[in-house]
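The structure appears below as structure tokens.
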Amino acid sequence: MIKEVLAHLKQKIELDVSEWTTQQLSPMLEICVQQMYEKLESEAQEFLQSADKIRLSISIGDQIKDEELAKQKEPSVWGRLGAGAYTLFTGDFLTGGMGMVMGFQAMLKTILLQLVAGVILGIFGFINPIALIAASIAAILAGNIWNLLSLKGEIKKSVGKKLSEEIASRQYDLAMAVEIKVKEKLTEIKKAIDEGLSAEISSIRGEVEKILEERKLGKLDNQKKIQNLRNLEEENLEIDNELNSLMFEAGLIT
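In terms of my numbering, the sequence shown is numbered consecutively and its last residue is 441.
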């Protein structure tokens with residue numbers, strides 16, 4: 188009977204949390220994350236376009252016009268920066284993969300599901316369901332209810348009531364727990380973006396250093412070729428002088 192009541196209690200909590208998530212938490216999170224996304228989107232798009240412009244300049248050795256760059260497909264911030272870096276930063280391949288393959292909205296929904304699961308676990312962390320059931324049974328037995336079917340019904344009703352009372356009494360603690368979970372996820376997203384931007388910068392720096400090294404080696408090769416040409420020129424001059432001397436001695440020139 189305890190297992191049955193526990194299952195009922197868990198189901199009730201999940202339903203209540205699901206309803207609360209759908210009506211309150213989810214809209215709040217979507218607005219919050221969407222605002223962050225829109226703010227980062229414009230800045231990151233500008234950054235990525237600048238990065239692409241630098242890469243194109245490096246590869247073709249010339250400047251590319253802004254209008255030509257604008258014709259290219261705009262990079263996806265979440266596909267290029269956020270999702271991949273989120274995977275590396277958190278180790279969450281499922282959520283990161285969602286972002287890379289299906290886009291930001293799918294990734295947000297996956298994160299939201301994780302938050303709901305975390306909230307449910309958090310509630311069970313604050314509330315001891317066994318204690319609620321024990322208290323309910325004690326109160327019901329004190330009322331002399333001995334019929335088994337009536338007992339089960341009364342326990343479920345009483346547990347539901349006590350659960351509501353317990354949640355109401357711990358409203359602040361539960362709100363703080365949810366806030367912490369939300370902040371953790373938002374921090375993960377922000378850090379993922381930062382990691383992605385850092386990776387882009389490091390990649391460009393590496394490409395620039397490689398080009399500079401190649402040009403440095405090429406410059407050394409050119410200097411060596413120039414020196415060889417000068418040496419050949421000096422040798423030709425010496426041969427020409429010797430030839431003139433021989434021709435003068437032979438009386439061929441005066």
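Think of the CB as a built atom: it goes at the ideal place given N, C-alpha and C, for glycine as much as any other residue.
Just so we're clear, the structure is a prediction, and the values are computed from it rather than from any experiment.
Nearest-angstrom Cα separation, counted from residue j out to residue i
i	j	result
residue 360	residue 394	51 Å
residue 417	residue 404	20 Å
residue 363	residue 370	10 Å
residue 421	residue 410	16 Å
residue 397	residue 385	18 Å
residue 211	residue 389	41 Å
residue 206	residue 214	12 Å
residue 375	residue 368	11 Å
residue 391	residue 425	51 Å
residue 366	residue 202	20 Å
residue 400	residue 415	23 Å
residue 218	residue 378	19 Å
Reduced DSSP secondary structure (H/G/I, E/B, other) of residue i
i	result
residue 421	helix
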